[in-house]
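See structure below.
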Amino acid sequence: MRIVFHGENAASFSHDFAKVLGQAAEISLLPDVLATDADRQAYAEADAIIGVKFDASLPQPAQLKLFHVPGAGYDMVDLGLLPASAAVCNCFGHEQAIAEYVMSALLARHIPLGDADRRLRSGDWTYWAGAPERVHGEIAGKTIGLLGFGHIGKAIAARAKAFEMQVHVANRSPVAASAMVDRAFSLDQLAAFYGSVDFVVVSIPLTEGTKGLVGASAFAAMRPDAVVINVARGPVIDEQALYDALKGGHIGGAVIDTWYRYPQSGDVATLPAQLPFQELSNVLMTPHMSGWTNGTIRRRQAVIAGNIRRRFSGEKLENVVREGR
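Using our numbering, the letters of the sequence shown map in sequence onto residues 13 to 337.
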């Protein structure tokens with residue numbers, strides 16, 4: 013069995029992979045750009061490929077049995093170009109980490125630990141308890157809106173409930189009210205959804221139907237102090253509309269982890285958008301890091317190894333994007 017980890021992202025899951033797999037295999041780590049004949053041949057002869065991208069620039073792996081995306085999003089995989097023999101799977105396991113990131117971002121907006129620490133080191137007791145002008149906020153009783161209620165949305169909802177928050181959900185398929193969900197909206201009720209919440213967390217996948225879904229009309233419907241958090245894909249939120257809403261003060265702020273522009277091979281420094289978000293004081297910018305933890309790598313590695321074993325023993329696969337012959 014010949015297994016290829018293609019690119020830097022995929023290589024993150026290769027450490028001790030033979031041990032996790034538990035059976036003999038020829039494992040190759042290939043760079044993002046297959047510059048040599050040997051690299052291209054190894055790719056073309058693979059039985060299983062772990063990678064985030066497949067397009068016409070890559071060799072056709074004629075005998076491929078499994079293409080495994082080491083994450084949830086497969087928007088850079090051209091399914092129509094992969095051989096029919098190849099099953100395609102993805103994996104999750106990042107919802108725990110992303111939910112912690114979201115809660116951390118919410119808490120940071122209300123509990124100024126860093127600023128309090130910095131001030132007290134110079135003798136400044138700005139946040140000292142005992143006077144109403146020195147209070148800080150809390151998230152209990154606030155309403156969090158989850159645009160998308162898949163793995164990530166459910167994990168965030170569970171944690172938000174632990175903090176005594178109200179949870180509103182907008183989702184393509186119906187979501188029933190429950191101990192976890194206080195109110196649910198369909199996608200044709202988005203204006204009402206946006207207007208009902210203090211925080212909007214975007215976690216829906218990027219498709220032709222969701223590209224730019226959160227646009228100018230969405231921001232117009234939000235409360236003036238609303239905070240938007242994007243842990244989905246950058247283009248789900250219209251870039252210009254987001255920038256205008258933040259710069260104009262039409263919403264309270266944003267926490268953006270997924271972007272519109274990413275470093276290419278050889279880039280030294282890359283700003284994450286065409287527009288100058290870095291100049292705005294009401295946005296917290298992070299470099300697509302919310303789900304990237306040791307736990308995520310460990311959980312995804314186990315899923316990938318398990319699917320490879322299942323594929324070559326004829327068992328049912330997990331997280332199937334496309335069946336293979």
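The beta carbon of each residue, even a glycine, is placed where N, CA and C say it ideally should be.
Note that this is a predicted model, so its numbers are computed, not measured.
field: Cβ-Cβ separation, residue 73 to residue 21 (assumed contact under 8 Å), whole Å
entry: Not really, about 18 Å apart at Cβ, beyond 8 Å.
message: Would you call the segment 258-270 in contact with the segment 76-95, where contact means no fewer than 3 C-beta pairs closer than 8 Å?
response: no
- prompt: Taking DSSP as the reference, what is the three-state secondary structure of residue 263?
  reply: coil
- prompt: What residue does the alpha helix (DSSP H) around residue 309 start on, and which one ends it?
  reply: 306-325
message: Taking the straight line between their C-alpha atoms, what separation do you get for residue 139 and residue 147?
response: 7 Å
message: Quick check on the DSSP output: what are the complete beta strand (DSSP E) runs of length 3 or more inside the segment 85-150, in order along the chain?
response: 99-101
- request: Please report how far the alpha carbon of residue 191 lies from the alpha carbon of residue 104, in whole angstroms.
  value: 24 Å
- request: Quick one: grab the DSSP three-state call for residue 242.
  value: strand
- request: Below 8 Å on the Cβ atoms is my guess for residue 33 versus residue 321; work out the distance and round it to an integer in Å.
  value: 7 Å
task: Below 6 Å CB to CB, which residues in the same chain sit around residue 228 once its five sequence neighbours on both sides are set aside?
output: 253
query: Among 273, 272, 162, which one has its Cα closest to the Cα of residue 106?
result: 162
query: Excluding five sequence neighbours on each side, which residues of the same chain lie with their C-beta closer than 7 Å to the C-beta of residue 3?
result: The structure shown does not extend to residue 3, since the chain is modelled only from 13 to 337, so the question has no answer here.
- prompt: With contact counted as at least three CB pairs below 8 Å, one residue from each stretch, are the segment 210-219 and the segment 242-253 in contact?
  reply: yes
- prompt: Assuming residue 302 and residue 156 make a contact with CB atoms under 8 Å, what is their CB distance in whole Å?
  reply: Going by Cβ atoms, the distance from residue 302 to residue 156 rounds to 16 Å, so no, they are not a contact pair.
field: Three-state secondary structure assigned by DSSP to residue 164
entry: helix
- prompt: Which of helix, strand or coil does DSSP assign to residue 40?
  reply: strand
- prompt: How is residue 196 classed by DSSP in three states: helix, strand or coil?
  reply: strand
query: Quick one: is residue 189 near chain B, going by C-beta distance under 8 Å?
result: The structure shown contains no chain B, having only a single protein chain.
- request: Assuming residue 317 contacts residue 29 (C-beta within less than 8 Å), just tell me the rounded distance between them.
  value: 7 Å
- prompt: Which first and last residues belong to the alpha helix (DSSP H) in which residue 33 is found?
  reply: 29-33
- prompt: Run through DSSP, which three-state label would residue 276 get?
  reply: coil
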